[in-house]
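A short write-up of the structure that comes next.
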Amino acid sequence: MKNWTRAAVAAILTSIAVPAAAEECIAPANPGGGWDFTCRQIGRIMTDLGVASGLVQVTNLAGAGGGVAYSQVVNERNDDPDVFIAASSATTTRLAQNAFGGATADQVRWVGTIGGDPGVIVVAADSEFETLPDLIEAIKADPSSVAFAGGSAVGGFDHLKVLMTLDKAGFTDIRKVKYIGVDGGADAITQTVGGFAQAMTGDLSEITGFIKSGDVRPIAVLSEERVEGFEDVPTAKEQGIDIVAMNWRGIYVPKGISDEDYQKWVDALKQVGESEEWQKVMTENGLAPYSIYGDEFETFVADNIAQTQKISKDIGLLQ
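With mature numbering (1 follows the signal peptide of the UniProt record, and there is no 0) as the guide, the letters of the sequence shown map in order to residues -22 to -1, 1 to 297.
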């Protein structure tokens, strides 16, 4: 009887198929921010479309404005074919400024971007500032009276958006601008709602929920035109400040994976980008179409980094 039981158990075990390793998306920030949004939306749609083997696991790995996640992928998961990492203009900004401890863009493989996220500046619902010029005039009068919170580190893309906006508005003493860098847009909103910061700089997709709930009030979107679904939010340009800041949203993968696995991710992301589900996500969250894939995206990233280095030097963040 004992032998029969063992044989039966063995037969049952061998009849159970071993599932393939589950795909994982690393969001290099705390839950609630733009990278977290990218992972959860892309992962969900990959699962729905059947291009992922099952539910895509989302891992939040905050720190150093994306640097902790980047370092782990480069040093510990360089040949892992089942992981992809949320990225954006914030990622290439930090790489451009050599803020990832010497890491460079060629240490990973860039898969693509499927959306552009307009920058936005918001204030608390009960803030005294009604318009972007109101906020800028307060800074010009007393730079210490206004602090900005953002989901990227000091010198990151959220910080750069503020500095470029103020530069365009004629405020040149940018080193006096107060900026609180936290891990993700949700944390930046908390700083603003809690009164620790007078304004928040981020991307529209990561704070749409807070806008709709009334926790914060947007005073400017940093796009060429008003965004569909948020037509009541004026652009900075129509308020007299000629600034556009679009944050691309995409992914990268470890450099050590095979060309075949890399192409698998390119094809999967392209399917997501072309899906009706993603079109709906873009409309609901204020994203604009912005699709670049594979080798073309690798070139785009290199150009993006070169451009950011120039801007950073122009405003004094890089020597």
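In this text, a Cβ means the ideal position worked out from N, Cα and C, and glycines have one as well.
When you compare only the Cα positions, how much space is there between G142 and S201? For the sequence presented, residue 142 should be read as Met rather than Gly. When rounded, the separation of the alpha-carbon atoms in M142 and S201 is 13 angstroms.
How about N8 and G162: do their beta carbons lie closer than 9 angstroms? It is a contact, given that the beta carbons lie within the stated cut-off.
Can you tell me which of the three DSSP states Q257 falls into? Note: Q257 maps to helix in three-state DSSP.
Considering only their Cβ atoms, is the gap separating I99 from V140 smaller than 9 angstroms? Yes; because the gap between Cβ atoms is below 9 angstroms, this pair is in contact.
Please go through the stretch 183 to 226 and give each complete beta strand (DSSP E) segment of 3 or more residues, from N-terminal end onward. Secondary structure within the stretch 183 to 226: the beta strand (DSSP E) runs of 3 or more consecutive residues, fully enclosed, are 194 to 200 (chain order).
Does the beta-carbon distance from R204 to L265 come in below 9 angstroms? By the CB criterion at 9 angstroms, R204 and L265 fall outside the cutoff.
Nearest-angstrom beta carbon gap, V46 and C17 [assumed within contact, 8 angstroms]: C17 to V46, Cβ: 15 angstroms. No contact.
With a CB to CB cut of under 8 angstroms and the five nearest residues on each side skipped, what residues in its chain are close to R55? V61, P232, listed in sequence order.
For the candidate residues T82, G234, I167, whose alpha-carbon lies nearest to that of residue 300? With the chain covering only -22 through 297, there is no way to say anything about residue 300.
Residue burial classification, residue 301 (beta-carbon count within 10 angstroms, cutoff 16): Shown here, the chain extends from -22 to 297; a query on residue 301 therefore has no answer.
Simplified DSSP assignment, three categories, for G294: In the structure shown, G294 falls within a coil segment according to DSSP collapsed to helix, strand and coil.
Is it the case that the stretch 86 to 104 contacts the stretch 164 to 171, given that we only count it when at least three CB pairs across the two stretches are under 8 angstroms? Yes: the two stretches touch, three or more of their Cβ pairs being nearer than 8 angstroms.
On the premise that A74 lies in contact with S290, defined as a C-beta separation below 8 angstroms, what is that separation, rounded to the nearest angstrom? Yes, S290 and A74 are in contact; Cβ-Cβ is about 7 angstroms, under 8 angstroms.
The beta strand (DSSP E) spanning E115 covers which residue range? Run containing E115: none in the beta strand (DSSP E); it sits in the alpha helix (DSSP H), 110 to 119.
Does D181 come out as helix, strand or coil in the three-state DSSP assignment? Residue state, collapsed to three classes: strand.
Count Cβ pairs between the stretch 124 to 141 and the stretch 177 to 186 that sit closer than 8 angstroms; are there 3 or more? By the Cβ test, the stretch 124 to 141 is in contact with the stretch 177 to 186, since at least three Cβ pairs between them sit closer than 8 angstroms.
Mind reading off the beta-carbon distance from V250 to W256? Whole number of angstroms is fine, and I expect it under 8 angstroms. So it is a contact: roughly 5 angstroms between Cβ atoms.
Beta-carbon spacing of K156, P121 below 9 angstroms: Closer than 9 angstroms, so yes.
Backbone CA spacing between M260 and P267 [nearest angstrom]: The C-alpha of M260 lies about 8 angstroms from the C-alpha of P267.
Starting from E238, trace the alpha helix (DSSP H) both ways and give me its first and last residue. Bounds of the alpha helix (DSSP H) holding E238 are 237 to 251.
Out of curiosity, what's the CA-to-CA distance linking A185 and D210? A small correction: the amino acid at residue 185 is Ile; Ala does not occupy that position in the sequence shown. Their backbone Cα atoms lie some 16 angstroms apart in a straight line.
Give the DSSP-derived three-state secondary structure of R18 in the structure shown. Here R18 carries a helix assignment [DSSP, helix/strand/coil].
Taking 9 angstroms as the cut-off, decide whether the C-beta atoms of E276 and R87 are in contact. The Cβ-Cβ distance between E276 and R87 falls below 9 angstroms.
To which residues of the same chain is H137 closer than 7 angstroms at the C-beta, ignoring the five residues directly before and after it? Exclusion of the five residues before and after H137 leaves G128, S130, Y157, G159 as the residues of its chain whose Cβ lies within less than 7 angstroms of its Cβ.
Quick one: Cα of S49 to Cα of A77, how far? The alpha-carbon atoms of S49 and A77 are separated by roughly 11 angstroms.
Buried or exposed: G32, going by 16 or more other Cβ atoms within 10 Å of its Cβ? When all chains shown are included, G32 counts as exposed.
Roughly how many angstroms lie between the CA atoms of E108 and A166, to the nearest whole one? E108 and A166: Cα-Cα distance of roughly 20 angstroms.
Close-in-space but distant-in-sequence residues of the same chain around K215 (CB under 8 angstroms, 5 per side omitted): Closer than 8 angstroms at Cβ, skipping near neighbours: E202, I221, V222.
Determine the DSSP secondary structure at R55, reduced to helix, strand or coil. R55 falls in the coil class under three-state DSSP.
Terminal residues of the continuous beta strand (DSSP E) containing I270? Here the beta strand (DSSP E) through I270 covers 266 to 271.
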